[in-house]
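In the numbering used here, the protein residues as written are 8 to 333. Even glycine gets a Cβ: it sits at the ideal position worked out from N, Cα and C.
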Amino acid sequence: MRSKVLMAVLAILVAAAAQSAVAQTAYPNRSITVIVPFAAGGPTDVVARLVGEHMTRTLGQQLVIENVGGAGGTTGMTRVAQAAPDGYTIAVGNMGTQSAAPALYPNLKYDPLTSFEQVGICNFTPQAIVAKKDTAATDLKDFLDYLKANSTKLSYGHAGVGSISHVSGTLFNAQFGLKPALVAYRGTNPALNDLVGGQIDYMVDQSLNVIPQIKGGTIKVYAIAAPARLESLPDVPTTKEAGVDFIFSAWNAMVAPKGTPKEIVDKLADALGKALDDPTTKERYVELGSTAPQGADRGPAGLQKLVESEMARITPVLKEAAAATK
Ligand code: MLT
8 MRSKVLMAVL AILVAAAAQS AVAQTAYPNR SITVIVPFAA GGPTDVVARL
58 VGEHMTRTLG QQLVIENVGG AGGTTGMTRV AQAAPDGYTI AVGNMGTQSA
108 APALYPNLKY DPLTSFEQVG ICNFTPQAIV AKKDTAATDL KDFLDYLKAN
158 STKLSYGHAG VGSISHVSGT LFNAQFGLKP ALVAYRGTNP ALNDLVGGQI
208 DYMVDQSLNV IPQIKGGTIK VYAIAAPARL ESLPDVPTTK EAGVDFIFSA
258 WNAMVAPKGT PKEIVDKLAD ALGKALDDPT TKERYVELGS TAPQGADRGP
308 AGLQKLVESE MARITPVLKE AAAATK
């Protein structure tokens, strides 16, 4: 009897090992859909396409980007959380969808920590304080005086409640007692188009999104909310240099639905790491003000740690700031 049980257990273990080996060797045997939960052309989309193009070469199958915008990115992330955990539907989310959204959506249908397998951090990017081109203020302090004097007459553009630009704007507006009209878009690319067109007044948005327009002179920049200046914008002061205490760092990350086999997650994480080490990615990141994660920040463990610490950090301050700016 005992030997029969042992044989049965052994058979199960052998079958599981074989299945796992098949998953490891056979994956991927068709294209992989990467959900970007924001509009095309914005920061999440740009990063997903950049690393996705390199991962396509490593994995030998096409990573196909699908933009599923809405509700600050939570619509797209919900779809991924509910997708089959087979490695063929994954996502590139961001600090908003993966850390801030639970604080603002009481009925959110996913939990950033338990609904996904973490694949890895894609990049870190500081926020820039930008305004429409004809804004008269000459420096950040001057701009803040203007915002304070006209607060309720002005409009602030963001990528939906819980998105990075919404969170950074909420914290910025709360810190300086501002109550602008908040205008939501499906991503910060369409928001930026309206800033260029002068339909909205200001944004606190990722350098990744705004550097081309800053360089082209179609919007005005007041500061980079980071401890150091950006190599690609050497003349733009940090917030500290401009005499203002406001720092905000954004990030993007790749995730897969909970239950995706470890072998597949590891394969994706390895391909992501190779994409980050590629000279073209590095060059592009410098141009856009982004940095790649290094060392312990890499891979599933690095992302898990970041989501845990970001959720703990952002939830109380965001709830307080959201109440103050109502
Ligand atoms: C955000 O503010 O969350 C992002 O900029 C959204 C996007 O990638 O468009």
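Among the options, the one whose alpha carbon lies nearest that of residue i
i	options	result
residue 121	190, 142, 303, 266	266
residue 328	68, 181, 299	181
residue 283	183, 259, 271, 206	259
residue 160	187, 134, 262	187
residue 377	52, 103, 142, 90	Nothing can be reported for residue 377: it is not among the residues displayed for the chain, which extend from 8 to 333.
residue 179	205, 220, 230, 217	230
residue 140	150, 250, 96, 293	150
residue 263	34, 42, 167	42
residue 48	86, 317, 234, 194	194
CB of residue i within 8 Å of CB of residue j, strictly
i	j	result
residue 107	residue 325	yes
residue 215	residue 50	yes
residue 177	residue 332	yes
residue 271	residue 137	no
residue 71	residue 129	no
residue 322	residue 110	yes
residue 44	residue 94	no
residue 275	residue 126	yes
residue 217	residue 199	yes
residue 119	residue 261	no
residue 83	residue 75	yes
Residue environment, residue i, which counts as buried when at least 16 other CB atoms sit within 10 Å
i	result
residue 38	exposed
residue 101	buried
residue 212	buried
residue 175	buried
residue 28	At residue 28, the pLDDT of 48 sits below 50, so the modelled position is not reliable; the number obtained from the coordinates is stated separately. Exposed is the call here.
residue 287	exposed
residue 223	exposed
residue 219	exposed
residue 234	exposed
residue 1	Here the chain has residues from 8 to 333 only, and residue 1 is not among them.
residue 316	exposed
residue 205	exposed
residue 320	exposed
residue 113	exposed
residue 196	buried
Check: residue i C-beta below 7 Å from any heavy atom of ligand 1
i	result
residue 297	no
residue 72	no
residue 59	no
residue 213	yes
residue 239	no
residue 106	no
residue 166	yes
residue 80	yes
residue 50	yes
residue 231	no
residue 170	yes
residue 85	no
residue 195	yes
residue 130	no
residue 200	no
Heavy atom of ligand 3 within 7 Å of residue i beta-carbon
i	result
residue 46	Ligand 3 is not among the ligands present in this structure, which contains only ligand 1.
Min CB distance residue i to chain C below 8 Å
i	result
residue 140	Among the protein chains of the structure shown there is no chain C, as only one such chain exists.
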